[in-house]
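Participant: Quick one: the structure is below, questions incoming.
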Amino acid sequence: MKLGVLKAYKFRIYPNGQQRQFFIETFGCVRFTYNQLLEAKMEELANNEAKQGLTPAKLKKEYPFLKETDSLALANAQRNLDRAFRNYFQKRAGFPKMKTKKSIWQSYTTNNQQHTIYFEDDQIKLPKLKTLVPVKKHRAIKGKIKSATISAKNNEEFYISILCLEEIPPLPKQQASVAVVYDPQQLVKANQPIPITCEHAIQTKQKLTRAERKLQVKATAVKRKKILLTQARNYQKLKGKVARLYRFHCCQKREFIDQVSYHLVKQYDTIYLEQIAEDTVLKAGHYSISDWHQFVRKIQYKAQWYGKELRFVTLDTQDQQKLERLSGEMSS
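Numbering-wise (the numbering used here), the sequence shown opens with residue 10 and increments by one.
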């Protein structure tokens, strides 16, 4: 029996000048709508009054410039605010904050209604845009497109996340199980061999560490000369290199986590994962506890998708040492 799941695909897009301007204006309209709705909600809570809520449709009457943007983006801004308040009242998150245009990342979400979002080769059609937007489509999309989120970093790098409804068939049973624990050097260590390595990510991490060291030395030298860092050309060039290495390293880690989690789900029916306590002492290494939690999150939903079983176990020191010795013998 196939399972219907929501799956996201993220691609880099390369809008032209007119499309870029439309995206930036939409970011601003969505941010303005969100803040106006939040301000009205805060006023209701302060006065302890239950009024008829403000909506994007009412805002359009007062601010006509909102009519020029994607109405679904404004509606999703309201939905995001409602979700933020639900999380706040259920004590899952803090009180919603105002959005600011100074944020590095800006985004908006639109829905696919009556085939308003679709691909044509390596281009995508989006609502309110008359021309297609070039996409670096590095993988095929399966299923029905539900929505699209356009995001930008510093209004320079643009991305699109496509949410699709897919039917995923369960993987065949392998009649095998595996135990996996956290390892700070290679993220995972198991009692069965894992043919996927993280050498490329480790090499990039080493390059990043060296570049960060050089950047710190360069910053000290520039300050000694009493020059602003923003005006130091070599410093800014090295800073850009550090930023590129950091993004590249994050992508490599994410790809490694995806590959390892899928391999384990594909090869084993039952997966035993180490339950890491909150007071666990962090060890120095290439992978942090947050990387492990990201791995756990991914393997959880993949196990659910493909009909595999996931069990969490708490290991004492002797169990961990025994598993490490066994893993070392298998890898040698």
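Note that beta-carbon positions come from the ideal geometry of N, C-alpha and C, so glycine has one too.
Taking residue 155 and residue 15 to be in contact with their CB atoms under 8 Å, please state how far apart those CB atoms are, rounded to whole angstroms.
Facilitator: Within the sequence shown, residue 155 is the residue found at index 146, counting from 1. Within the sequence shown, residue 15 is the residue found at index 6, counting from 1. The pair is a contact, with the Cβ atoms about 7 Å apart (cut-off 8 Å).
Participant: Can you tell me the Cα-Cα spacing of residue 129 and residue 135, whole angstroms?
Facilitator: Residue 129 sits at position 120 when you count from the first residue of the sequence shown. Residue 135 sits at position 126 when you count from the first residue of the sequence shown. Answer to the nearest angstrom: the Cα atoms are 11 Å apart.
Participant: Just grab the DSSP bridge partners of residue 190 for me.
Facilitator: Position 181 of the sequence shown holds residue 190. In the DSSP output, where bridge partners are listed per residue, residue 190 has 198.
Participant: Could you tell me the distance, in whole angstroms, from the CA atom of residue 275 to the CA atom of residue 198?
Facilitator: By 1-based counting over the sequence shown, the position of residue 275 is 266. By 1-based counting over the sequence shown, the position of residue 198 is 189. In a straight line, the C-alpha of residue 275 is about 17 Å away from that of residue 198.
Participant: Could you check whether residue 272 and residue 195 sit closer than 9 Å to each other, using their CB atoms as the reference points?
Facilitator: In the sequence shown, counting from the first residue as 1, residue 195 sits at position 186. In the sequence shown, counting from the first residue as 1, residue 272 sits at position 263. No; because the gap between Cβ atoms is not below 9 Å, this pair is not in contact.
Participant: Following the continuous beta strand (DSSP E) through residue 13, name the residue where it begins and the one where it ends.
Facilitator: Counting from 1 along the sequence shown, the entry for residue 13 is found at position 4. Per DSSP, residue 13 belongs to the beta strand (DSSP E) from 12–22.
Participant: When you compare the stretch 40–55 with the stretch 80–96, are there three or more beta-carbon pairs, one atom per stretch, that lie closer than 8 Å?
Facilitator: Short answer: they touch.
Participant: With 16 other CB atoms within 10 Å as the buried threshold, where does residue 345 fall?
Facilitator: For the chain, the structure presents residues 10 to 341; residue 345 sits outside this window and is missing.
Participant: What is the residue span of the alpha helix (DSSP H) that residue 54 lies within?
Facilitator: In the sequence shown, the residue the question calls residue 54 occupies position 45. 26–56 is the extent of the alpha helix (DSSP H) around residue 54.
Participant: Taking its Cβ as the centre, do 16 or more other Cβ atoms sit within 10 Å of residue 204, making it buried, or is it exposed?
Facilitator: Sequence index remark: in the sequence shown, residue 204 carries index 195 (1-based). Answer is exposed; the Cβ neighbour count stays below 16.
Participant: So for residue 245, helix, strand or coil by DSSP?
Facilitator: In the sequence shown, residue 245 corresponds to position 236, counting from 1. Note: residue 245 maps to helix in three-state DSSP.
Participant: Smallest Cα separation from residue 145: which of 96, 255, 259 and 170?
Facilitator: As a working note, residue 145 is residue 136 in the sequence shown. Among 96, 255, 259 and 170, the Cα nearest to that of residue 145 is on 170.
Participant: What first and last residue would you give for the alpha helix (DSSP H) that runs through residue 229?
Facilitator: Position 220 of the sequence shown holds residue 229. Looking at the DSSP string, the run of the alpha helix (DSSP H) that includes residue 229 is 208–233.
Participant: Return the chain-ordered list of same chain residues with a C-beta closer than 8 Å to the C-beta of residue 251, the five sequence neighbours on each side being excluded.
Facilitator: In the sequence shown, counting from the first residue as 1, residue 251 sits at position 242. Closer than 8 Å at the Cβ level, and outside the excluded window around residue 251, lie 217, 220, 221 and 224.
Participant: Roughly how far, in whole angstroms, is the beta-carbon of residue 32 from the beta-carbon of residue 161, given that I think they are within contact range, below 8 Å?
Facilitator: Mapped onto the sequence shown, residue 32 falls at position 23. Mapped onto the sequence shown, residue 161 falls at position 152. Right, the Cβ-Cβ distance comes to about 6 Å (below 8 Å), so this counts as a contact.
Participant: For residue 342 versus residue 227, is the C-beta spacing smaller than 9 Å?
Facilitator: The structure shown has nothing for residue 342, since the chain only spans 10 to 341.
Participant: With a threshold of 8 Å, are at least 3 pairs of Cβ atoms found where one atom belongs to the stretch 69–84 and the other to the stretch 104–123?
Facilitator: These segments touch.
Participant: How would you call residue 188, buried or exposed, if buried means at least 16 neighbouring beta carbons within 10 angstroms?
Facilitator: Residue numbering aside, residue 188 sits at position 179 when the sequence shown is read from its first letter. Its Cβ being crowded by 16 or more others within 10 Å, residue 188 is buried.
Participant: Please report the straight-line C-alpha distance between residue 21 and residue 247, rounded to a whole angstrom.
Facilitator: Looking up residue 21 in the sequence shown gives position 12. Looking up residue 247 in the sequence shown gives position 238. Approximately 24 Å between the Cα atoms of the pair.
Participant: Would you mind working out which of 131, 212 and 100 sits nearest residue 148, comparing C-alpha positions?
Facilitator: If you number the sequence shown from 1, residue 148 lands on position 139. Cα-wise, what sits closest to residue 148 is 131.
Participant: Taking only the alpha-carbon atoms, compute the straight-line gap between residue 335 and residue 201 and give it to the nearest angstrom.
Facilitator: Position 326 of the sequence shown holds residue 335. Position 192 of the sequence shown holds residue 201. Below a pLDDT of 50, predicted positions are generally treated as unreliable, and residue 335, at 47, falls in that range; the measurement from the model is reported next regardless. Those two C-alpha atoms are separated by around 9 Å.
Participant: If I follow the unbroken alpha helix (DSSP H) through residue 181, where does it start and stop?
Facilitator: Walking along the sequence shown from the start, residue 181 turns up at place 172. Per DSSP, residue 181 belongs to no alpha helix (DSSP H) and is neither H nor E.
Participant: Determine the closest residue to residue 254 out of 234, 24, 214 and 99, with distance taken between C-alpha atoms.
Facilitator: Locating residue 254 in the sequence shown gives position 245, where the first residue counts as 1. Of 234, 24, 214 and 99, the residue nearest in Cα terms is 214.
Participant: Who are the near neighbours of residue 305 in its chain, counting only those whose CB is closer than 8 Å to its CB and skipping five residues on each side?
Facilitator: Walking along the sequence shown from the start, residue 305 turns up at place 296. Excluding sequence neighbours, residue 305 sits near 282.
Participant: Need the endpoints of the beta strand (DSSP E) that residue 282 sits in, please.
Facilitator: As a first step, residue 282 is located in the sequence shown; it is residue number 273 there, counting from the start. Per DSSP, residue 282 belongs to the beta strand (DSSP E) from 279–283.
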